[in-house]
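Sequence lines, in order, name chains A and B. Note that our numbering has the first sequence beginning at 4, numbered continuously upward. Note that our numbering has the second sequence beginning at -13, numbered continuously upward. We put the CB at the ideal spot given by N, CA and C, even for glycine. The block underneath contains the structure these notes are about, expressed in structure tokens.
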Amino acid sequence: MSDATLSRYHRQGRRNSALVGVLALAALAALLLDLMTGPAGLALADTLKALAGGEVARGTSVIVWDVRLPVAAMALLVGAALALAGAEMQTVLENPLAEPFTLGVSASAALGAAVAIVLGLSLPGLPAVWSVSGNAFLFALGALGLLQLLGRIRGGGPEVLILFGVALNFTAAALLSLVQFVASADALQQLVFWTMGSLASAQWPGVMLIAVVLAGSVPFSFRAAWKLTALRLGEDQARSFGVDVTGLRRWTLFRVSLLSAAAVSMVGVIGFVGLAGPHIARMLVGENHRVFLPASLLTGALVMSLASTLSKTLVPGVLLPVGLVTSLIGLPIFFALILRGRRR
Amino acid sequence: MQGLLAQGISVRYGARSVLAGLDLPLLRPGEVTVLAGPNAAGKSTLLRAIAQLQPHGGKVLLDGRDLAHVPMRDRARLVGFMPQSLPAGSSLVALESVIAALRAGDTLGARGADATAMAVLDKLGIGALALEPLSALSGGQRQMVSLAQAIVRDPRLLLLDEPTSALDLARQVRLLSELRRLAAEGRIVVAVLHDLALAAQWADRIVLMHGGHTHAEGRPELVLTPALLAEVYGVEARVERCSRGRIMVLIDGEHAPG
Ligand SMILES: Nc1ncnc2c1ncn2[C@@H]1O[C@H](COP(=O)(O)OP(=O)(O)OP(=O)(O)O)[C@@H](O)[C@H]1O
Ligand SMILES: [Mg+2]
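Structure (structure tokens):
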């Protein structure tokens, strides 16, 4: 009997791995769709040929490689980064409502961006095009450092961290209002646009940066998968299994903050993906983090990629801020899944 | 020196001292020790201190090794801990949670972990629950899974905080006889129990705690006396000796009939 149960368990494991594979394929398909969509629609064959470096019209090659691919890749990577960050955040803060921006990273990044846009302050030596992103990143990391410091003083339990995070959020938001108060109308509009989250200004160096941060943190995330799984059983349990919970929490928060700081500084504040991606993944594959983490990452990538396509097509001729679209398309999917889950 | 020695254990929460230099006798392999005592006596605190889950003063020696200085991973192999309250929310299935108990601290690689976890569930008679999500289990079922998590690493020392509190009659017997078996194989077993009848029947030794101190300790018939129970619980109790030396604790409280 136990053999039968065990092989059923392994079958479920294979099913979940297959689901992760399906998600990966879906994300790739969404990427292609994103590349084909735009003012000049491209056929699938041409798009693939252009990607492969084959013989296509010069215009097609330019559209695919220089115009659309950076944006599409950015969407995919930002979605992946935010959802992975959200999944880990929810586990280490033991809070299903946590998301990458819970601890004030986004508010601090917005403040950094505002300082750059409105006051024209930026790091010396940074090219002007990078001043906004660079500042946002710096402020986000500063918030993270402050939080780690405060957390260390008070032991770093989840409640304490969340409280500090909320305080940080409010402080950054207040300072942001102050900067907005003195901003010119022009700067203000730029700032509002930035905070809505937009892929329009995505460029290769930014894509590379996110790719590097993601590639650097994913192996550590996946290696911590069993430890994070154990933490779902309670802190005492995880400790008695031999998990250094304090260290796990500290390093995970570090990774999460890096991921969300990179994402927010490149494309502005994009809500929902970091919260819903993990929830959708959890409904699909459960909470074993060995599949839950990759599933979250891919769900986020998929949702963002679809959102990027929709941001071009929802209102013909207008490129909507992608942050609005994630909420618009994400919500119905999310509700449907919740309702389906209830019925089971 | 074989066994568990806890000496001068002190724990404070802020300014409040909960345990102030508590000593336990040497608990030897093969013995089942029951910690009993009123609510808030400090039983859970003591267990968590021994398991190194709680900052504390004093020394905890397991077979002569100071547990505080044993690296976390090795400690996980030596000590199994079952908490008093279990989080309800996880959608992990029971089997996964027991595998996590094996693999989270890298005590065991992928090879064999699944089968080992399954075997433990079977041994506890809950193999049928293996693929149920923890959130869908009853309180007692969850308690059995939690026991599986505690024993799956085959630890030398088992610390169990009220392991029977949610169990039905049959499961109580099953769990306690399992503890006896584990002890007989050379392990040290310490369990907090409120049910003194169960304690009398299954324990080699009872440690009666009161107000953060060891009030009395020894074999059940020496600890479960009307005088001691009155001192610790403030309850009038009769202690009857039944056949085969069994001890029964009978309460003649104001609501008891007759
Ligand atoms: N985290 C905490 N912070 C402050 N005080 C605590 C904490 N945990 C326990 N205490 C206090 O320590 C004392 C001992 O608690 P403990 O949980 O060890 O009692 P117990 O003997 O296990 O009781 P019970 O039988 O009710 O489980 C109690 O007075 C309790 O209020
Ligand atoms: Mg207790």
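C-beta atoms of residue i and residue j nearer than 8 Å
| i | j | result |
| --- | --- | --- |
| A/G160 | A/T105 | no |
| B/R205 | B/W188 | no |
| B/L13 | B/V176 | yes |
| A/A84 | A/L262 | yes |
| A/G56 | A/V276 | no |
| A/E102 | B/S76 | no |
| B/A87 | B/R128 | no |
| A/G274 | A/S308 | no |
| B/G66 | B/L144 | yes |
| B/D147 | B/S30 | yes |
| B/L(-10) | B/I174 | yes |
| A/A143 | A/V306 | no |
| A/A97 | A/R258 | The question names Ala, but residue 97 of chain A is Glu in the sequence shown. No, the Cβ-Cβ distance between A/E97 and A/R258 is not below 8 Å. |
| A/L256 | A/V246 | no |
| A/L342 | A/V328 | no |
| A/T316 | A/G271 | no |
| B/D181 | B/T150 | yes |
| B/E304 | B/R191 | Any question about residue 304 of chain B goes unanswered here, given that chain B covers just -13 to 244. |
| A/G209 | A/M286 | no |
| B/L120 | B/A80 | yes |
Beta carbon proximity, residue i to chain A, threshold 8 Å
| i | result |
| --- | --- |
| B/D108 | yes |
| B/T93 | Any answer about B/T93 is weak, because its pLDDT of 49 lies below 50 and its placement is not dependable; what the coordinates show is given next. At least one chain A Cβ lies under 8 Å of B/T93. |
| B/D39 | The residue asked about is misnamed: residue 39 of chain B is Leu in this sequence, not Asp. B/L39 counts as touching chain A. |
| B/P206 | no |
| B/G113 | yes |
| B/R173 | no |
| B/S30 | no |
| B/Q129 | no |
| B/A177 | no |
| B/D100 | yes |
| B/L143 | no |
Cutoff 8 Å: residue i Cβ touching any chain B Cβ
| i | result |
| --- | --- |
| A/A48 | no |
| A/N291 | yes |
| A/A279 | no |
| A/V294 | no |
| A/V23 | no |
| A/Q193 | no |
| A/G148 | no |
| A/V246 | yes |
| A/G160 | no |
| A/A233 | yes |
| A/Q240 | yes |
| A/G89 | no |
| A/T312 | no |
| A/D230 | In the sequence under discussion, the amino acid at residue 230 of chain A is Lys, which differs from the Asp named in the question. So, interface residue. |
| A/G237 | yes |
Residue i burial status per 10 Å Cβ neighbour count (16 or more: buried)
| i | result |
| --- | --- |
| A/A146 | buried |
| A/E58 | exposed |
| B/G244 | For B/G244, the predicted structure reports a pLDDT of 44, less than 50, and the residue's modelled location is therefore unreliable. The matter cannot be settled from this model. |
| A/G333 | buried |
| B/P57 | exposed |
| A/H13 | exposed |
| A/S224 | buried |
| A/W207 | exposed |
| A/N172 | buried |
| A/S10 | exposed |
| B/E82 | buried |
| A/E238 | buried |
| A/S136 | buried |
8 Å contact criterion, which residue i and residue j should meet: CB distance rounded
| i | j | result |
| --- | --- | --- |
| B/P69 | A/Q240 | 7 Å |
| A/A186 | A/V121 | 4 Å |
| B/V178 | B/L21 | 5 Å |
| A/S311 | A/A78 | 4 Å |
| B/L53 | B/V46 | 5 Å |
| B/G245 | B/R59 | Limits of chain B in this structure are -13 at one end and 244 at the other, which puts residue 245 of chain B out of reach. |
| B/V4 | B/G43 | The Cβ separation is near 12 Å, so there is no contact. |
| A/L231 | A/H292 | 4 Å |
| A/V95 | A/R252 | 5 Å |
Original post:
What runs of the alpha helix (DSSP H), each 4 residues or longer, lie entirely inside the stretch 63 to 112 of chain B?
Top reply: 80 to 89, 99 to 109
Subject >> Entirely enclosed beta strand (DSSP E) segments - the stretch 150 to 202 of chain B, minimum 3 residues >> reply: 174 to 178, 191 to 196
Original post:
What beta strand (DSSP E) runs, 3 residues minimum, are completely inside the stretch 161 to 192 of chain A?
Top reply: none
Subject >> 4-residue-minimum alpha helix (DSSP H) runs that sit fully inside the stretch 21 to 97 of chain A, ordered along the chain >> reply: 47 to 54, 61 to 65, 72 to 95
Original post:
In chain order, which continuous runs of the beta strand (DSSP E) of length 3 or greater are located wholly inside the stretch 5 to 34 of chain B?
Top reply: 18 to 22
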